[in-house]
Amino acid sequence: MKTTIFGFLIAFVAIVAVASGYERRDVYYSKRVAEPERGAYSKRVAEERGQCNSDTKNRVIDNIAEFFGVNKEQITPETTFLDDLGADEFDMSEFGVGLDEEFDITIPEDDLENFVSVKDVIDYICAHVKND
Numbered sequence: 010m011k012t013t014i015f016g017f018l019i020a021f022v023a024i025v026a027v028a029s030g031y032e033r034r035d036v037y038y039s040k041r042v043a044e045p046e047r048g049a050y051s052k053r054v055a056e057e058r059g060q061c062n063s064d065t066k067n068r069v070i071d072n073i074a075e076f077f078g079v080n081k082e083q084i085t086p087e088t089t090f091l092d093d094l095g096a097d098e099f100d101m102s103e104f105g106v107g108l109d110e111e112f113d114i115t116i117p118e119d120d121l122e123n124f125v126s127v128k129d130v131i132d133y134i135c136a137h138v139k140n141d
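Residue numbers (our numbering): 10 to 141.
As structure tokens, this is what we get:
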């Protein structure tokens, strides 16, 4: 008798779970969602607003050179933070604070995670700072 009640209870819970839209967490969290191209938003906005002026680009490169302690001649748009400059998450967070102060903007941590290359930063700054 106990086995029948226990089996009924399990079946009832399963039916309620399915009816309520319950989905196993391990299955839900393992689903891959297509991510947009890194920096796609910033590139689109920068293109809509026109090209970034050279003063803004130079300020970004100067900030990178000063923060990471490299000559600015070594920095190209293709320079990557992880591979070429050896930056980690903490470095990028502090670098973001410096950019916030330099350009009088607030860069969310989620956006900082999308900065792979110098070009990503330039595109982002150009998209979010008014060029005079």
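Virtual Cβ for every residue (Gly too), placed ideally from N, Cα, C. Please read these numbers as outputs of a predicted model, since none were measured by experiment.
Are the beta-carbon atoms belonging to Leu91 and Phe104 less than 9 Å from one another? For the 9 Å CB-CB criterion, Leu91 and Phe104 do not form a contact.
Quick check: the segment 65 to 79 against the segment 127 to 136, are at least 3 beta-carbon pairs closer than 8 Å? In short, these stretches touch, since the Cβ pair count reaches three.
To the nearest angstrom, report how far apart Leu94 and Pro117 are at their CA atoms. Computed Cα separation, rounded: 21 Å.
How far does the alpha helix (DSSP H) with Glu82 in it reach, from first residue to last? Careful: Glu82 lies outside any alpha helix (DSSP H) and carries neither H nor E.
Please classify Thr89: does DSSP put it in a helix, a strand, or coil? Taken through DSSP and simplified to helix, strand or coil, Thr89 comes out as strand.
Cutoff 8 Å; reference Lys139; Cβ partners in own chain excluding five residues on either side: Shown here for Lys139: not one same chain residue has a beta carbon closer than 8 Å to its own, the five before and five after excluded.
Please go through the same chain and pick out, in chain order, the residues whose beta-carbon is closer than 6 Å to the beta-carbon of Cys61, but skip the five residues on each side of it. If we look at Cys61 and ignore the five residues flanking it on each side, its Cβ neighbours are Cys135.
Whether Asn72 touches Glu111 by CB criterion (9 Å): Yes, they are a contact pair.
Bridge-paired residues (DSSP) for Ser126: Answer is Thr89, bridged to Ser126.
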